[in-house]
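Following my numbering, the numbering of the sequence shown begins with 9 at its first residue and continues without gaps. Ideal Cβ placement from N, Cα and C applies to all residues, glycine included. On a predicted model such as this, the values are computed, not experimentally measured, just so you know. Below is one structure; the comments refer to it alone.
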Amino acid sequence: MTGKAHTKGDEAYQRIKRQILEGVYLPGERLTIRQLQTACGYSGAPIREALRRLQQEGLVEIIPYSGARVRRLTPFEIEEAYLIRGHLEGLACQTAGPYLTETHFSTLRQLIEEMDACDRANDGPAYGALNKKFHMTIYRAGPY
């Protein structure tokens with residue numbers, strides 16, 4: 009099975025999106041073509057394509073003659089996302105629970121200790137990465 013070839017625009021889109029979701033670029037932060045060219049190593053055309061796609065997804069706002077910025081979510085959008093995520097995570101944990109081993113629990117305890125250290129150090133990006141690893145450890149234990 010052959011998939012669609014990845015273009016530079018696709019790669020720039022994936023990279024910028026990942027950085028937004030990981031908190032490298034914060035809500036309200038201005039994103040310029042030049043800044044993203046330097047950070048991503050792509051020319052202007054793939055960066056503009058990536059920003060248009062991110063705007064369609066609601067992650068970025070494009071401001072005419074000014075560039076773009078990471079979109080701030082409304083309180084309703086944040087509440088809705090946490091509500092949905094809470095239900096999905098509960099279902100994932102319920103499904104994976106019977107498959108968790110002592111090795112999984114040991115890994116989870118270690119990740120909790122590391123997240124506590126990040127919390128004390130006020131290191132949000134590292135905390136987020138560890139939190140993702142924590143949840144993925146649980147999800148991957150499940151049958152799906």
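Straight-line gap, residue i to residue j (C-alpha atoms, nearest Å)
i: residue 35; j: residue 80; result: 5 Å
i: residue 107; j: residue 113; result: 11 Å
i: residue 37; j: residue 24; result: 13 Å
i: residue 78; j: residue 21; result: 13 Å
i: residue 120; j: residue 73; result: 45 Å
i: residue 150; j: residue 100; result: 8 Å
i: residue 147; j: residue 128; result: 27 Å
i: residue 124; j: residue 133; result: 13 Å
i: residue 126; j: residue 33; result: 19 Å
i: residue 117; j: residue 43; result: 39 Å
i: residue 110; j: residue 130; result: 30 Å
i: residue 47; j: residue 82; result: 28 Å
i: residue 61; j: residue 15; result: 13 Å
i: residue 105; j: residue 71; result: 46 Å
Own chain partners of residue i with C-beta closer than 6 Å, once the 5 adjacent residues on each side are dropped
i: residue 57; result: 17
i: residue 69; result: 77, 79
i: residue 9; result: For residue 9, the predicted structure reports a pLDDT of 45, less than 50, and the residue's modelled location is therefore unreliable. A value from the coordinates is still provided. Nothing meets the Cβ criterion.
DSSP bridge partner residues for residue i (one or two, in chain order)
i: residue 104; result: DSSP output for residue 104 lists no bridge partner at all.
i: residue 76; result: 39, 70
Same chain, Cβ closer than 7 Å to residue i, neighbours up to 5 away in sequence not counted
i: residue 140; result: none
i: residue 122; result: 138
Proximity below 8 Å, CB of residue i to CB of residue j
i: residue 75; j: residue 39; result: yes
i: residue 19; j: residue 137; result: no
i: residue 55; j: residue 64; result: no
i: residue 145; j: residue 103; result: no
i: residue 67; j: residue 28; result: yes
i: residue 49; j: residue 41; result: no
Distance between beta carbons of residue j and residue i, contact taken as under 8 Å
i: residue 85; j: residue 143; result: Not quite, the Cβ-Cβ distance comes to about 21 Å (not below 8 Å), so this is no contact.
Contacts around residue i, its chain only, beta-carbon distance under 8 Å, and the 5 residues preceding and following it disregarded
i: residue 135; result: 123, 126, 127
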